[in-house]
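Enquirer: I'd like to ask some things about the structure below.
In UniProt numbering, the protein residues as written are 1 to 495.
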């Protein structure tokens with residue numbers, strides 16, 4: 001299926017939309033202030049060695065010195081052994097015998113700085129590609145543990161043959177990533193060439209730049225577009241910034257010439273995302289309800305443990321009979337659900353509640369269409385059949401935060417519940433709390449500070465109950481409206 005990639009760049013944020021036949025299929029967002037350091041390679045300078053803690057502080061040019069523990073100091077293994085740090089039941093070489101103050105050391109960030117703690121470092125460098133991870137200090141060839149054991153030996157043999165091909169250069173170890181499981185030899189060879197070229201640039205920079213210099217930064221979203229998103233089915237990549245277009249073209253011409261040839265600078269007067277109403281699609285993707293063209297709709301609820309998607313017929317009555325109406329709605333829903341998973345970047349366990357179908361052939365047709373649409377996803381998915389309760393259970397690999405988690409935060413009023421107590425319920429909570437306080441304390445007066453709606457209800461419909469409580473506890477109760485308070489918020493002040 002032919003696709004176009006639209007890139008909207010601004011100094012604070014980069015947004016990428018993948019469009020197929022005029023419909024947005026994927027949305028990727030990266031914000032400059034939220035971009036981490038993990039994966040960055042620095043030429044650090046050892047500022048202090050602490051034998052008692054078996055660690056060292058490394059200055060890499062950040063506000064705080066970074067931290068290197070002896071367990072993260074890489075040690076070369078005998079030929080044929082997999083790469084490792086300190087293996088269990090083996091004596092650990094003390095850190096003071098491996099590094100010394102003032103030493104220039106190539107290190108990689110494995111954990112971002114948090115609070116007052118500096119970044120955590122490792123001396124084993126790894127460079128991630130689209131399909132492979134390159135370990136330049138080793139010659140081990142491995143396969144991700146997440147790939148089924150039955151397939152690992154064949155994949156390892158294929159990769160070993162490609163890595164050992166002298167025409168592609170030599171040296172270094174490789175680990176096949178999970179998303180490289182179904183890749184071709186040509187795709188793997190392209191990734192190997194890219195990774196070795198990247199490592200050559202890192203080594204060259206380490207010889208030219210002074211200590212405390214950044215040697216390699218993990219690819220930003222613009223560069224990952226060329227590495228991860230562009231394929232044979234990509235027609236154009238349109239970018240609305242001339243400066244970033246030139247930078248991306250230079251990167252692509254060096255590392256990915258085929259992808260660079262599809263780059264175009266967008267010069268239109270309208271914002272590039274307006275071409276396909278992408279901002280409207282983003283707004284829809286943040287809502288619970290997704291309307292289908294037929295009149296049916298989906299309800300998407302994202303929780304901590306899983307995501308549920310409910311299919312409803314809504315106002316669709318277009319088919320000849322009720323069974324056909326349900327079948328057509330479910331078929332359309334199967335396509336829409338697969339698109340919403342990509343657009344919202346939903347991951348983990350997902351439960352889909354299609355409308356109950358009586359006929360087995362309808363169930364199988366809907367399931368086949370659903371799996372067909374899921375097969376288009378670049379993220380790994382697994383879907384089962386209909387359960388005894390008529391539900392379809394599936395999983396989708398988590399690759400990054402979902403769209404809702406990236407763009408939204410819990411509502412201050414409802415704290416993410418999606419609803420708040422009614423004003424009358426809050427009134428009754430306040431009356432009970434005043435009674436509780438009156439049994440423990442003996443103030444001159446109780447003052448209720450609450451939201452305008454709650455105070456208004458106390459002055460109108462609930463005034464009799466408030467007056468009755470005042471008579472019962474023999475204390476005056478005054479009201480104070482506070483517009484900044486949410487409906488469930490209130491304070492009882494003892495005067």
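C-beta atoms are modelled at their ideal positions from N, C-alpha and C, and glycine is treated no differently.
1) In terms of residues, what are the limits of the beta strand (DSSP E) holding residue 311?
2) With a CB to CB cut of under 6 Å and the five nearest residues on each side skipped, what residues in its chain are close to residue 26?
3) Around the Cβ of residue 381, are there at least 16 other Cβ atoms within 10 angstroms (buried) or fewer (exposed)?
4) Since residue 459 is in the beta strand (DSSP E), which residue starts that stretch and which ends it?
5) If you follow the beta strand (DSSP E) that residue 4 is in, where does it begin and where does it stop?
6) Using the three-state DSSP reduction, which class does residue 405 fall into: helix, strand or coil?
7) Buried or exposed: where does residue 15 fall if 16 or more other Cβ atoms within 10 Å of its Cβ makes it buried?
8) Do residue 162 and residue 185 have their beta-carbon atoms positioned less than 8 Å apart in this structure?
9) Considering only the alpha carbon of each residue, which of 150, 175, 152 and 104 lies closest to residue 139?
10) With a cut-off of 8 Å on the beta carbons, I'd call residue 122 and residue 72 a contact; round off their distance for me.
11) What would DSSP say about residue 192, mapped onto helix, strand or coil?
12) Considering only their Cβ atoms, is the gap separating residue 308 from residue 353 smaller than 8 Å?
13) Where residue 284 and residue 92 are concerned, what is the direct C-alpha to C-alpha distance, given to the nearest angstrom?
14) Going by other Cβ atoms of all chains shown within 10 Å of its Cβ, with 16 needed for buried, is residue 394 buried or exposed?
15) For residue 491, which of helix, strand or coil comes out of DSSP?
16) According to DSSP, simplified to helix, strand and coil, what is residue 38?
17) Considering only their Cβ atoms, is the gap separating residue 275 from residue 6 smaller than 8 Å?
18) To the nearest angstrom, report how far apart residue 12 and residue 33 are at their CA atoms.
19) Using 10 angstroms around the beta-carbon of residue 67, count the other beta-carbons present and answer buried if the total reaches 16, otherwise exposed.
20) Which runs of the beta strand (DSSP E) fall wholly inside the segment 334-359 and span at least 3 residues, in chain order?
21) Runs of 4 residues minimum, wholly inside the segment 88-137: which ones carry the alpha helix (DSSP H) assignment?
22) Going by the CB atoms, is the gap between residue 4 and residue 235 shorter than 8 Å?
23) Identify, in the order they occur along the chain, each residue of the same chain with its Cβ nearer than 7 Å to the Cβ of residue 476, setting aside the five sequence neighbours on each side.
24) Quick one, which of 351, 359, 404 and 358 has its alpha-carbon nearest residue 383's?
25) Have a look at residue 486 and residue 413 and give me their C-alpha separation to the nearest angstrom.
26) Would you mind stating whether residue 340 and residue 379 have Cβ atoms separated by less than 8 Å?
27) Where do the ends of the alpha helix (DSSP H) carrying residue 60 lie?
28) To which residues of the same chain is residue 147 closer than 8 Å at the C-beta, ignoring the five residues directly before and after it?
29) Quick check: what's the CA-CA separation for residue 362 versus residue 331?
30) Do residue 263 and residue 299 have their C-beta atoms within less than 8 Å of each other?
31) Does the beta-carbon of residue 216 have 16 or more other beta-carbons within 10 angstroms, so that it is buried, or is it exposed?
32) Between which two residues does the alpha helix (DSSP H) holding residue 221 run?
33) Taking all protein chains shown into account, do 16 or more other C-beta atoms lie within 10 angstroms of the C-beta of residue 118, making it buried, or fewer, making it exposed?
34) Starting from residue 162, trace the alpha helix (DSSP H) both ways and give me its first and last residue.
35) DSSP three-state call for residue 291: helix, strand or coil?
36) Among the residues of its own chain, which have a CB less than 8 Å from the CB of residue 219, if the five just before and after it don't count?
Expert: In brief:
1) 306-312
2) 18 and 342
3) buried
4) Note, residue 459: premise wrong, no beta strand (DSSP E); alpha helix (DSSP H) at 452-459.
5) 3-10
6) helix
7) buried
8) yes
9) 175
10) 4 Å
11) helix
12) yes
13) 55 Å
14) buried
15) strand
16) coil
17) yes
18) 7 Å
19) buried
20) 348-353
21) none
22) yes
23) 445 and 470
24) 351
25) 5 Å
26) no
27) That residue, residue 60, is in no alpha helix (DSSP H); it is neither H nor E in DSSP.
28) 155, 176, 178 and 181
29) 9 Å
30) no
31) buried
32) 221-224
33) buried
34) 149-163
35) strand
36) 227
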